[in-house]
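Down below is the structure, laid out as structure tokens.
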Amino acid sequence: MRLKYICENCGKVAFYDDPEEAFKAGWDYPPKMYSFGMISPRTCGNCEITTTLWWAMTTRDIKSIADMTPQQKETFDRIMGEPQSIMVTDDED
Ligand SMILES: [Zn+2]
Numbered sequence: 548m549r550l551k552y553i554c555e556n557c558g559k560v561a562f563y564d565d566p567e568e569a570f571k572a573g574w575d576y577p578p579k580m581y582s583f584g585m586i587s588p589r590t591c592g593n594c595e596i597t598t599t600l601w602w603a604m605t606t607r608d609i610k611s612i613a614d615m616t617p618q619q620k621e622t623f624d625r626i627m628g629e630p631q632s633i634m635v636t637d638d639e640d
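In our numbering, each residue carries its 1-based index in the sequence shown increased by 547.
Here is the structure:
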């Protein structure tokens with residue numbers, strides 16, 4: 548399954564067929580790390596978890612969807628829609 552990895556912090560995008568390969572490239576991303584559809588970090592190798600939606604929710608900076616920035620809301624929707632939301636279709640890639 549080919550997946551589109553999107554760093555929620557810097558917006559970096561990468562495509563991988565093999566989750567192991569993505570993990571080696573520094574991505575904290577399901578299915579290698581964490582689980583699809585669960586709020587957890589979605590970051591590339593350059594970004595820290597402290598910039599993630601997961602962190603903001605864990606530290607209670609965000610208590611509901613109403614507290615999210617547009618970028619965080621986008622991340623939230625994408626995570627909730629996984630894995631379909633990051634599956635690569637023919638017209639993409
Ligand atoms: Zn990043």
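Ideal Cβ positions, reconstructed from N, Cα and C, are used throughout, including at glycine.
Check                                                                                    : Outcome
For V635, the nearest candidate out of D564, I596, C557 (CA to CA)                       : D564
Any non-hydrogen atom of ligand 1 closer than 7 Å to K559 Cβ                             : yes
Proximity winner among A603, A572, G573, P577, relative to I633 (alpha-carbon distances) : P577
Identity of the residue in M615, P617, E595 nearest C554 by Cα                           : E595
Proximity of W574 and C591 at Cβ, strictly below 8 Å                                     : yes
Extent of the continuous beta strand (DSSP E) run through K551                           : 550–553
N- and C-terminal bounds of the alpha helix (DSSP H) containing F570                     : 566–571
Beta-carbon spacing of T616, R589 below 8 Å                                              : no
Local conformation of M615 per DSSP, three classes                                       : coil
M548 versus S582: straight-line alpha-carbon distance, rounded                           : 15 Å
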